[in-house]
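Worksheet: one structure, shown below.
As structure tokens, this is what we get:
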């Protein structure tokens with residue numbers, strides 16, 4: 135009888151402690167679980183911050199590269215042409231008594247001025263496509279397609295959804311630059327024979343998609359988004375509060391979809 | 017030693033009580049409920065202790081306390097889980113428990129005996145609330161968590177541990193030996209659990225101070 139009483143007594147004490155310890159275990163695992171979640175969230179935030187930093191760096195890099203290119207063009211073409219014209223104008227004084235030589239100098243100066251004007255046009259065209267301001271994105275993309283068809287042996291198709299709206303100039307320029315970057319990539323690297331571009335829209339989104347039938351991009355290179363201007367495309371899309379998706383497979387072509395708020 | 021522990025541990029409640037009264041103005045709504053709970057618990061202990069000194073039966077005080085404690089702690093969990101518990105559900109639970117507890121006190125166990133049935137049910141319900149909060153809190157986004165989340169978590173952990181032990185005690189205490197030595201040892205373990213609860217409550221309210 136006493137043995138059974140002792141057993142009940144001990145069971146009660148150890149049962150109480152056991153239940154409390156069990157609850158303590160639940161608490162312990164909950165704390166660990168929450169700590170793990172917190173750690174993962176922190177890592178995710180860190181990665182997001184790193185990604186944002188990379189995009190900012192890339193934006194600065196794009197601007198700097200563009201500035202260097204313009205500086206180079208101005209110095210190498212306009213600068214050198216104008217220096218030569220200045221030299222030719224100096225020769226006018228010394229050769230003023232020889233009309234034939236003056237005529238030769240005038241012709242040479244005129245030709246150099248024509249070249250300079252053409253260079254200025256090219257530089258300004260690179261900065262802002264001339265048709266974009268006046269005729270809008272669709273016409274400018276059609277011009278781009280025409281020049282691609284003429285200069286490269288590829289078939290280029292542009293499909294525009296009926297009633298495609300006029301967008302802000304910033305958006306149109308960004309989409310044009312994206313199209314330029316994508317077509318240049320395809321012509322340089324993909325060995326594609328057909329390029330297709332689509333412009334679609336609905337109430338909320340403008341979608342620009344690009345596809346080629348080339349050799350595709352190595353998945354690793356695609357995930358790094360380096361070296362192919364893909365990061366530039368992504369930067370431009372994000373600057374417009376949009377997003378872009380790239381899909382590819384070896385020898386199965388490359389596809390880019392850019393979606394921006396309408 | 018056990019005797020001393022049995023007498024001293026319940027008075028650890030003074031620490032979280034003083035802390036919570038000191039920070040009362042900055043406490044959130046649910047932590048203010050915990051302060052009321054600490055006030056009710058301390059007053060109950062003082063009254064029960066005085067009656068014990070005067071050699072009078074203090075079980076009626078415990079019966080009233082069980083009801084007040086349950087209502088306050090249920091309100092605490094209701095405020096924490098307003099998004100999943102409606103006011104109607106909260107009132108229904110409190111009303112049902114009150115009816116059960118009063119019937120038990122008047123007709124089943126009697127006002128001058130330990131209300132183990134009501135205490136066991138209270139402990140079981142508290143464990144359910146605590147675990148529900150624990151698992152809903154896991155799924156809550158970090159941004160939804162409040163300024164007071166760390167404090168509330170510590171308090172919830174303390175309540176879960178205490179009521180888990182208490183559930184076992186109140187479910188089986190009527191089978192326990194009635195000699196004084198065994199009773200002191202059993203209630204000393206209960207005091208230990210109370211001590212753990214008060215330490216967790218202290219840490220919780222201390223966290224508010226540190227935020």
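Chains as they are written, first to last, in our numbering: chain A, 135 to 396; chain C, 17 to 227. Note that beta-carbon positions come from the ideal geometry of N, C-alpha and C, so glycine has one too. Because the structure is a prediction, the values reported are computed rather than measured.
- Any Cβ of chain A closer than 7 Å to the Cβ of residue 168 of chain C would place that residue at the interface, and such an atom is absent.
- With the rule of 3 Cβ pairs closer than 8 Å, the region 300–311 of chain A counts as touching the region 367–377 of chain A.
- For residue 101 of chain C, not one C-beta of chain A is nearer than 7 Å to its own C-beta.
- In this structure, residue 200 of chain C keeps its C-beta atom at 7 Å or more from the C-beta atom of residue 192 of chain C.
- Taking C-beta separations shorter than 7 Å and ignoring five residues to either side along the sequence, the partners of residue 283 of chain A in its chain run 290, following chain order.
- Proximity of the region 163–176 of chain C to the region 202–222 of chain C meets the contact definition, three or more beta-carbon pairs being nearer than 8 Å.
- DSSP, reduced to helix, strand and coil, places residue 382 of chain A within a strand of the structure shown.
- Contact note: residue 173 of chain C reaches chain A through 161, using a C-beta cutoff of 7 Å and chain order.
- Chain-order list of chain A residues neighbouring residue 201 of chain C: 143 and 147, by C-beta distance under 8 Å.
- The C-alpha of residue 180 of chain A lies about 20 Å from the C-alpha of residue 373 of chain A.
- Nearest C-alpha to residue 354 of chain A among A:375, A:382, A:160 and A:377: A:382.
- In the DSSP annotation of this structure, the continuous segment of the alpha helix (DSSP H) that includes residue 142 of chain C starts and ends at 132–155.
- Remark: three or more beta-carbon pairs, one from each stretch, lie closer than 8 Å, so the region 78–97 of chain C and the region 108–122 of chain C are flagged as touching.
- Along the region 52–137 of chain C, the beta strand (DSSP E) does not occur as any fully enclosed run of 3 or more residues.
- Nearest to residue 340 of chain A by C-alpha distance, out of A:328, A:327, A:376 and A:318, is A:376.
- Taking CB atoms only, residue 164 of chain A has a neighbour in chain C less than 7 Å away.
- In the DSSP assignment, residue 257 of chain A falls within the unbroken alpha helix (DSSP H) covering 233–261.
- At a cut-off of 7 Å between beta carbons, residue 158 of chain A contacts chain C.
- Residue 174 of chain A sits in a helix when the DSSP states are folded into three classes.
- The count of Cβ pairs closer than 8 Å, one atom from the region 322–340 of chain A and one from the region 295–306 of chain A, reaches three, so the stretches are in contact.
- Taking CB atoms only, residue 177 of chain C has a neighbour in chain A less than 7 Å away.
- Listed along chain C, the residues sitting closer than 7 Å to residue 153 of chain A by beta-carbon distance are 180, 181, 183 and 184.
- Against chain C, a Cβ distance below 9 Å from residue 168 of chain A picks out 153, 154 and 169.
- In this structure, residue 253 of chain A lies away from residue 219 of chain A, with their beta-carbon atoms at least 7 Å apart.
- The C-alpha of residue 321 of chain A lies about 15 Å from the C-alpha of residue 390 of chain A.
- For residue 334 of chain A, the uninterrupted beta strand (DSSP E) run begins and ends at 328–335, by DSSP.
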